[in-house]
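Trainee:
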Amino acid sequence: MKIKKIDHVALATRSIEDATKIWKEMGMDIHYEEVPEQKVKVAMIKIGDSRLEILEPTAEDSPISRFLEKHGGGLHHIAVEVDDIENAIDELKSKGFRMIDETPRVGAGGKKIAFVHPKSAKVLLELVEAKI
Ligand code: ZN
């Protein structure tokens, strides 16, 4: 498994509009999309070679709604880019890591993603495969 870089850092918020305001004012390029499978609206802000992801829940039973109830917002997860996600999942499992996703699913931007359980990684960690 090769971790190439931090792909993005994700913040959870009740209002994307509010949370992206400062970045808009700084003239950053913001890409918006909705990921119905995860019941979230996503704003992706490109910052050099990395991105800041801002997540707003679209339903009460969204995982982001539950996170906001518990933590009130802030850092939700860190995502790292890997070259081969199936390979990375197998390697982490063989090392005893607990995966939330044992097989990759489709995340923002149509990329293959998988989450590592925060009990294992100390923070919610997302693996993102570079190629689509
Ligand atoms: Zn993410």
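Under numbering that gives the first Met the number 0, think of the first position of the sequence shown as 0, with each following residue one higher. Glycine included, every Cβ here is placed at the ideal spot set by N, Cα and C. Source: prediction; values computed, not measured.
Please check the pair residue 55 and residue 13, which I expect to be a contact at CB under 8 Å, by giving their CB distance rounded to whole angstroms.
Mentor: 7 Å
Trainee: Just to check, is the beta-carbon of residue 55 closer than 7 Å to a non-hydrogen atom of the ligand ZN?
Mentor: Residue 55: no, Cβ never under 7 Å from the ligand ZN.
Trainee: Around the C-beta of residue 7, are 16 or more other C-beta atoms found within 10 angstroms, so that it is buried, or is it exposed?
Mentor: buried
Trainee: Can you give me the start and stop residues for the alpha helix (DSSP H) that residue 91 sits inside?
Mentor: 84-93
Trainee: Taking 7 Å as the cut-off, does the CB of residue 7 come closer than this to any heavy atom belonging to the ligand ZN?
Mentor: yes
Trainee: Does the Cβ-Cβ distance between residue 75 and residue 9 come in under 8 Å?
Mentor: yes
Trainee: Give a yes or no on whether the C-beta atoms belonging to residue 19 and residue 29 are separated by under 8 Å.
Mentor: yes
Trainee: Have a look at residue 68 and residue 57 and give me their C-alpha separation to the nearest angstrom.
Mentor: 14 Å
Trainee: In this structure, does DSSP put residue 17 in helix, strand or coil?
Mentor: helix
Trainee: Pull up the CB-CB distance for residue 82 and residue 1, whole angstroms please, since I reckon it's below 8 Å.
Mentor: For a cut-off of 8 Å, the C-beta gap from residue 82 to residue 1 is around 5 Å, short enough to register as a contact.
Trainee: List the endpoints of the continuous alpha helix (DSSP H) containing residue 67.
Mentor: 62-70
Trainee: Whole angstroms are fine: how far does the CA of residue 108 sit from the CA of residue 51?
Mentor: 13 Å
Trainee: Helix, strand or coil: how does DSSP classify residue 130 here?
Mentor: coil
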